[in-house]
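All letters in the sequence shown, in the order written, are residues 1 to 969 by full-length UniProt numbering.
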Amino acid sequence: MNATMGEQLHLSYAGHEKWMSYTPRHSSYGYTCRLPGTDPCHSLQARYQPDTALLEKIFDGPSSLDELLASLDRYRSQLTLQMLISISNRCRREKNLDCAKQFHAHVRHLGMDIQEDLGNYIVPMFVDCGSLSEAQEIFDSLAYQRKISWISLLKGYFNQGDLQHVLHLFAKMQEDGVPHSRETILTPLKACARLNQVEKGRDVHNEVYKQGLESDLLIGNTLVGMYAKCGYLDEATGVFEKLPNRDVISWNALMTGYLEHGRTEEVLNCLNNMNARGVAADNVTLLCCVKACCNIEHLNQGHDAYSTIVKLGFDGQLFLCNALIDMYTKCGGLMEARHILEHLTARDVISWTTLISGYVDNGCGKEALKCLEEMKEDGVSPNSATLLCSLKACGSTGSLDKGRQIQADIPIELYRSDPTLGNSLVDMYAKCGSLQEAQEVFDQLPNRTLVSWNSLIAGFVEHGLGDDALDHLEQMQLEGMSPNASTLNCSLKACGLVGSSIRCQEVHTDIVVKGLERAELISNTLVDVYAKCGLLVDAHYAFGRPGVRNVISWTALLSGYADKGFGWEALDCLDKMQGEGVVPSAVTMACSLKACSRVGAIDVGQELHSDVVKRGILHAECMEMPARPVHVVHVLEADRLLLGNALVDMYGKCGNVLDAQDVFYAMPSWNLISWNALITGFSRQGHSEVVFELFDEMRKDGICPDEITFLSILSVCSHAGLVFKARTYFEDMTKEYNVPPTSEHFNCVIDLLGRAGQVVEAVEMLEKMPHQPTLYGWCSVLSACRKWANVKVGRHAFECVMRLDNEHSAAFVLMFNIYMDACMWEEAKKIEAMLQDLKEPGKSWVELLGVVHTFNEDNVDDDQYKELHAKLQQVYSEMDEKGYKNATEEIFDASNLSCKHSERLAVACGLLNTTEGSQVRVVKNLRICEDCHTTLAFISKMEGCNIVCKDKIGFHDFKNGKCSCGDYW
1 MNATMGEQLH
11 LSYAGHEKWM
21 SYTPRHSSYG
31 YTCRLPGTDP
41 CHSLQARYQP
51 DTALLEKIFD
61 GPSSLDELLA
71 SLDRYRSQLT
81 LQMLISISNR
91 CRREKNLDCA
101 KQFHAHVRHL
111 GMDIQEDLGN
121 YIVPMFVDCG
131 SLSEAQEIFD
141 SLAYQRKISW
151 ISLLKGYFNQ
161 GDLQHVLHLF
171 AKMQEDGVPH
181 SRETILTPLK
191 ACARLNQVEK
201 GRDVHNEVYK
211 QGLESDLLIG
221 NTLVGMYAKC
231 GYLDEATGVF
241 EKLPNRDVIS
251 WNALMTGYLE
261 HGRTEEVLNC
271 LNNMNARGVA
281 ADNVTLLCCV
291 KACCNIEHLN
301 QGHDAYSTIV
311 KLGFDGQLFL
321 CNALIDMYTK
331 CGGLMEARHI
341 LEHLTARDVI
351 SWTTLISGYV
361 DNGCGKEALK
371 CLEEMKEDGV
381 SPNSATLLCS
391 LKACGSTGSL
401 DKGRQIQADI
411 PIELYRSDPT
421 LGNSLVDMYA
431 KCGSLQEAQE
441 VFDQLPNRTL
451 VSWNSLIAGF
461 VEHGLGDDAL
471 DHLEQMQLEG
481 MSPNASTLNC
491 SLKACGLVGS
501 SIRCQEVHTD
511 IVVKGLERAE
521 LISNTLVDVY
531 AKCGLLVDAH
541 YAFGRPGVRN
551 VISWTALLSG
561 YADKGFGWEA
571 LDCLDKMQGE
581 GVVPSAVTMA
591 CSLKACSRVG
601 AIDVGQELHS
611 DVVKRGILHA
621 ECMEMPARPV
631 HVVHVLEADR
641 LLLGNALVDM
651 YGKCGNVLDA
661 QDVFYAMPSW
671 NLISWNALIT
681 GFSRQGHSEV
691 VFELFDEMRK
701 DGICPDEITF
711 LSILSVCSHA
721 GLVFKARTYF
731 EDMTKEYNVP
741 PTSEHFNCVI
751 DLLGRAGQVV
761 EAVEMLEKMP
771 HQPTLYGWCS
781 VLSACRKWAN
791 VKVGRHAFEC
801 VMRLDNEHSA
811 AFVLMFNIYM
821 DACMWEEAKK
831 IEAMLQDLKE
841 PGKSWVELLG
851 VVHTFNEDNV
861 DDDQYKELHA
871 KLQQVYSEMD
881 EKGYKNATEE
891 IFDASNLSCK
901 HSERLAVACG
911 LLNTTEGSQV
921 RVVKNLRICE
931 DCHTTLAFIS
941 KMEGCNIVCK
951 DKIGFHDFKN
961 GKCSCGDYW
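Below is the structure:
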């Protein structure tokens, strides 16, 4: 039969005689310890005879704490120390600070000294009731602090987060020689782990050995966790291996440490070892494993962990399912993540936000925004993290209206007070191209951070507004905000946009001052921007710095060479890059194909096409591609489109329009760039009917034409003499497609009118168009004047060109030819004298068996020149017999001049080094002259070969004495 509380107290009274004995002394509170009205010569024990009925009434009845405290005065003559300890324990259990304070005041009012035993119970009472300051005050007043006080204070400071105080108390225990127990060891160890103070942790570890507690499993597990948390995984493993017994908590402590420090392989190895030793995994173990599988390499282990979770019945635990959703999204398994979310019985904001974040990170912004709507329909309100992900989705998809709606749902005070939300709004509007709204939100932010400035500056750069970006950089610095690497990187790109080499060098100076020159992001951009500004020497210097050579910097340098017309140098970069073991990216390949198109390197282009096919990015064409080893890479749809477009463009610009067409129709999808590349290729070849058919097909495919599309159409109309057709398309640009004509479009029509003999109309359009007349426009008029022998208008056009550029060599050549055709020899000689110092040297290239041969007027090898000269003299002799005549022979030595035209030398080299009937492909840096055009047409018939010449304007495909341009160029 169980004794009542009162009986227990009565029966235990004799056992407390010693510590209940009363010895008068002065306490730290300044009063003598005795009960009022008692003789101090008698002990509390001698005076007190317990009343069992009274005790039962006080302690076993339904009395509340307030009632008990109220009865203290009434029964003060019968109170014992044990009764007071019981009341303090009840205050502690109920965590009632007010009652605890009342009890303490009652005790002091009764004159009952805070004896060592009672005081050591009041300390934990105040700790558990949440008043560490009063607990500490009483603790400090005690002459002897019992272990219960030390333990309670240690735990109290730990729970409050005052971890340094925990370690201070531990040190004081060592100073005072207080013996340690499990409880006084565990709390300091946990504090060391939280503070990442491994040295203090080692001190605690030493105390473990001193107290002989190394075999305590709980302490051992905590030691493993402390070392692992602090990153000392070898020491954690050492403690782990010395544990006499290891339970699942031991394994979890070690696995958590491995996980936090990125050693995911060891996490999965621990799981295998656990299974081998028969230790059953719990939900913490599986959580570690799921988090360790958050990359594609460990996806299979992630599947296994999911199966185990289901098998053990943990699939109803929300935190585990949320971790699974996170794992699958990070591995690209969006369908699996979605499946888990849909089968959850209860979804919280973390579940939805994790999936939304996964969609955004995998480039599925639209799905993320749909998920946001479903989340709201599910009755779950988005939090700040959800809103941040949703705004990012709006920015990536250009969903401006949705972004505005999200902003409307956010209280103004919230995004103004939360810098992360405010910055995300700026970033979203900037990425959507609404820079005015981005600026408005930016201006409303009370505290603009570096991220705010960077988001706005990046938006200006992304939309080509380099000047605005640089203005904001200056304003940012004026407001005392120092740019970081991201700011300076955007500033460099802005310099590239405006083509300002001076500003670029100024920003570069800031980068050097801040010591950021070797940062990979910065160094890559430096190479790219210097190349775009035409400072290829500076680009090469930046590229040559240690640690800079990577696929991005190689691509930037290669692209710079290609854009500035150094195609062969660009392709040399590609060879060196691969020679250093750097695998080219899709962008590298696209830039290399652009370089091929610039120099007409069709053979190299076909090799690159072979690489693209072997990477699995595009399907093989019907043509045979040369085989070469390549690295197989993960293919993205964007890569397919990028490289498909680059191949279409390369084949089109190299004159192989049928190959361009094959690649185009083998692509899985097309965009406007794809169509423009194919249309431009056929336009350059003069295939007007095909161009018109492709335009109609593009419109049926739902693609709207842009200014580039119409430029190709007007160009092909110009070269085909289709005046009416050109006028129709020119009018449709603005009326039907809302594409405003640029000066280039006007120039195409002006060129067409001139070619068609409508020189006066051409001049009238040129002078009345809404744009400033350009050099190209007046040169087109000059060319038409030569064709139609109009010296008067020709002189006017020449004077206009001189006002724009008095060193424009092409204008001198055209005017010279006009005078020659009109037999105005003296005027022609004057022009020729001025031309000698201005004319850009003609250059031509021919590629034979993978080797590029370059020819110009100034440096031709003597032996080779004689052989080529002999071949060309053979051609000229036959031309003379047929009645052909050079237009310039009246004032020059015709045979000498003809032999020095670079494209003829290149063709002669091709004829001497290929089999009969082979195709000879030549690239020239200038426009082909009329005499050379006639000569190459004659050679194609005489030799029975196909000659393709790519000049500054377009292609000339000579077969059987005729050119694809129809002598209309």
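Cβ atoms here follow ideal geometry from the backbone N, Cα and C, with glycine treated the same way.
Next on the checklist: Going by beta-carbon coordinates alone, are residue 955 and residue 567 separated by less than 8 Å?
Outcome noted: The sequence position of residue 955 within the sequence shown is 955, counting from 1. The sequence position of residue 567 within the sequence shown is 567, counting from 1. Not a contact, by the Cβ cut-off of 8 Å.
Next on the checklist: Tell me the rounded alpha-carbon separation between residue 248 and residue 130.
Outcome noted: To locate residue 248, count along the sequence shown from 1; it is residue 248. To locate residue 130, count along the sequence shown from 1; it is residue 130. Taking the straight line joining both Cα atoms gives about 33 Å.
Checklist entry - Quick one, are the C-beta atoms of residue 757 and residue 788 less than 8 Å apart? => result As a first step, residue 757 must be located in the sequence shown, where it is residue number 757. As a first step, residue 788 must be located in the sequence shown, where it is residue number 788. Contact flag set, yes.
Item to check | contact_flag[the region 727-737, the region 704-717] where n(CB pairs < 8 Å) is 3 or more | outcome: yes
Next on the checklist: Which residue wins for smallest C-alpha separation from residue 203, given the options 215, 400, 218 and 223?
Outcome noted: Walking along the sequence shown from the start, residue 203 turns up at place 203. Nearest option by C-alpha distance: 223.
Item to check | Close Cβ partners of residue 252 (< 8 Å) along its chain, the five nearest in sequence each way excluded | outcome: Taking the first residue of the sequence shown as 1, we reach residue 252 at position 252. Answer for residue 252: 282, 284, 285 and 288, listed in chain order.
Checklist entry - So residue 464 and residue 435 are in contact, right, with Cβ under 8 Å, and what is the actual spacing, rounded? => result Numbered from its first residue, the sequence shown carries residue 464 at position 464. Numbered from its first residue, the sequence shown carries residue 435 at position 435. Wrong, their Cβ atoms sit about 11 Å apart, outside the cutoff.
Checklist entry - If you draw a straight line from the C-alpha of residue 550 to the C-alpha of residue 952, how long is it? => result As a first step, residue 550 is located in the sequence shown; it is residue number 550 there, counting from the start. As a first step, residue 952 is located in the sequence shown; it is residue number 952 there, counting from the start. When rounded, the distance between both Cα atoms is 34 Å.
Next on the checklist: Just verifying my parser: in three-state terms, what is the DSSP assignment at residue 748?
Outcome noted: On the sequence shown, position 748 is the one that residue 748 refers to. Here residue 748 sits in helix by DSSP.
Checklist entry - Any idea if residue 892 is buried or exposed, counting beta-carbon neighbours within 10 angstroms, 16 or more meaning buried? => result Position 892 of the sequence shown, counted from the first residue, corresponds to residue 892. Reliability fails at residue 892, whose pLDDT of 36 lies under 50, so the model's placement of it is uncertain and no value is given.
Checklist entry - What are the boundary residues of the alpha helix (DSSP H) that residue 194 is part of? => result For this step, residue 194 is matched to residue 194 along the sequence shown. Note, residue 194: alpha helix (DSSP H), 182-195.
Item to check | Rounded straight-line distance, which links the Cα of residue 844 to that of residue 961 | outcome: Taking the sequence shown and counting its residues from 1, the one referred to as residue 961 is at position 961. Taking the sequence shown and counting its residues from 1, the one referred to as residue 844 is at position 844. Using only the alpha carbons, I get a separation of about 21 Å.
Next on the checklist: Please give the ranges of any beta strand (DSSP E) in the UniProt domain "DYW" (894-969), keeping only runs that are unbroken, at least 3 residues long and fully inside the region.
Outcome noted: 919-924, 946-950 and 955-959
Item to check | Rounded straight-line distance, which links the Cα of residue 483 to that of residue 602 | outcome: Position 602 of the sequence shown, counted from the first residue, corresponds to residue 602. Position 483 of the sequence shown, counted from the first residue, corresponds to residue 483. Going by the C-alpha atoms only, they are around 46 Å apart.
Checklist entry - For residue 666 versus residue 649, is the C-beta distance shorter than 8 Å? => result As a working mapping, residue 666 is identified with position 666 in the sequence shown. As a working mapping, residue 649 is identified with position 649 in the sequence shown. Result no, Cβ atoms of residue 666 and residue 649 do not sit closer than 8 Å.
Checklist entry - Between residue 119 and residue 142, which are expected to be in contact by the criterion C-beta below 8 Å, what is the C-beta distance as a whole number of angstroms? => result Your numbering for residue 119 matches position 119 in the sequence shown. Your numbering for residue 142 matches position 142 in the sequence shown. 5 Å between Cβ atoms; contact.
Next on the checklist: Can you confirm whether the region 558-577 touches the region 807-817 when touching is taken to mean that 3 or more C-beta pairs between the two stretches lie within less than 8 Å?
Outcome noted: no
Next on the checklist: Below 8 Å, how does it come out for the region 581-591 and the region 934-951: are there three or more Cβ pairs, yes or no?
Outcome noted: Two segments are said to touch when three or more pairs of C-beta atoms, one from each, lie closer than 8 Å; by this definition the region 581-591 does not touch the region 934-951.
Next on the checklist: Taking CB distances under 8 Å as the criterion, tell me whether residue 820 reaches chain C.
Outcome noted: This model lacks chain C altogether, as it is built from one protein chain only.
Checklist entry - Mind checking residue 319: buried by the 16 CB within 10 Å criterion, or exposed? => result Here residue 319 corresponds to residue number 319 of the sequence shown, with the count starting at 1. It counts as exposed.
Item to check | Boundaries of the beta strand (DSSP E) in which residue 205 is found, first to last residue | outcome: For the purposes of this step, residue 205 is taken as the residue at position 205 of the sequence shown. No beta strand (DSSP E) contains residue 205, which is instead part of the alpha helix (DSSP H) from 198-210.
Checklist entry - Closest by CA to residue 902, which one among 846, 800, 109 and 370? => result Here the question's residue 902 lines up with position 902 in the sequence shown. Of the residues 846, 800, 109 and 370, the one whose Cα lies closest to the Cα of residue 902 is 846.
Checklist entry - Who does residue 248 pair with in a DSSP beta bridge? => result For the purposes of this step, residue 248 is taken as the residue at position 248 of the sequence shown. DSSP lists no partner for residue 248.
Item to check | Per-residue DSSP class, three states only, for residue 566 | outcome: Locating residue 566 in the sequence shown gives position 566, where the first residue counts as 1. Looking at residue 566 - three-state DSSP - the assignment turns out to be coil, as it is neither helix nor strand.
Next on the checklist: Going by the DSSP bridge assignment, what does residue 847 pair with across the sheet?
Outcome noted: Taking the first residue of the sequence shown as position 1, residue 847 is located at position 847. Paired residue(s): 852.
Next on the checklist: Looking at the secondary structure, which residues open and close the alpha helix (DSSP H) in which residue 1011 lies?
Outcome noted: Look at the range of the chain in this structure, 1 to 969, and you will see that residue 1011 is not part of it.
Checklist entry - Among the residues of its own chain, which have a CB less than 8 Å from the CB of residue 457, if the five just before and after it don't count? => result For the purposes of this step, residue 457 is taken as the residue at position 457 of the sequence shown. Only 469, 472, 473, 476, 487, 490, 491 and 494 meet the Cβ criterion.
Item to check | CB of residue 368 within 8 Å of CB of residue 359, strictly | outcome: For the purposes of this step, residue 368 is taken as residue 368 along the sequence shown, with counting starting at 1. For the purposes of this step, residue 359 is taken as residue 359 along the sequence shown, with counting starting at 1. Residue 359 sits close to residue 368, with the two beta carbons spaced by under 8 Å.
Checklist entry - Taking the Cβ atom as the reference point for each residue, do residue 140 and residue 92 lie within a distance shorter than 8 Å? => result Translated into positions along the sequence shown, residue 140 becomes position 140. Translated into positions along the sequence shown, residue 92 becomes position 92. Note that the C-beta distance between residue 140 and residue 92 is not below 8 Å.
Checklist entry - Count the other CB atoms within 10 Å of the CB of residue 336; is the residue buried (16 or more) or exposed (fewer)? => result In the sequence shown, residue 336 corresponds to position 336, counting from 1. Per the 10 Å Cβ criterion, buried.
Item to check | Simplified DSSP assignment, three categories, for residue 703 | outcome: Sequence index remark: in the sequence shown, residue 703 carries index 703 (1-based). Looking at residue 703 - three-state DSSP - the assignment turns out to be coil, as it is neither helix nor strand.
Item to check | Residue nearest to residue 363 in terms of C-alpha spacing, selected from 384, 398, 385 and 344 | outcome: Indexing the sequence shown from 1 puts residue 363 at position 363. Closest option to residue 363, judged by alpha-carbon separation, among 384, 398, 385 and 344: 398.
Checklist entry - When we look at the beta-carbon of residue 873 and count the other beta-carbons within 10 Å, is it buried (16 or more) or exposed? => result Counting from one through the sequence shown, the residue named residue 873 turns up at place 873. Residue 873 is exposed by the Cβ-count criterion.
Next on the checklist: Helix, strand or coil for residue 162? Go by DSSP, reduced to three states.
Outcome noted: Mapped onto the sequence shown, residue 162 falls at position 162. Correct three-state label for residue 162: coil.
Checklist entry - DSSP on residue 262, reduced to helix/strand/coil? => result Taking the first residue of the sequence shown as 1, we reach residue 262 at position 262. DSSP places residue 262 in coil when its eight states are reduced to three.
Item to check | Spatial neighbours of residue 361 in its chain, beta-carbon cut-off 8 Å, leaving aside the 5 residues before and after | outcome: For this step, residue 361 is matched to residue 361 along the sequence shown. Excluding positions up to five away in sequence, the list reads 329 and 330.
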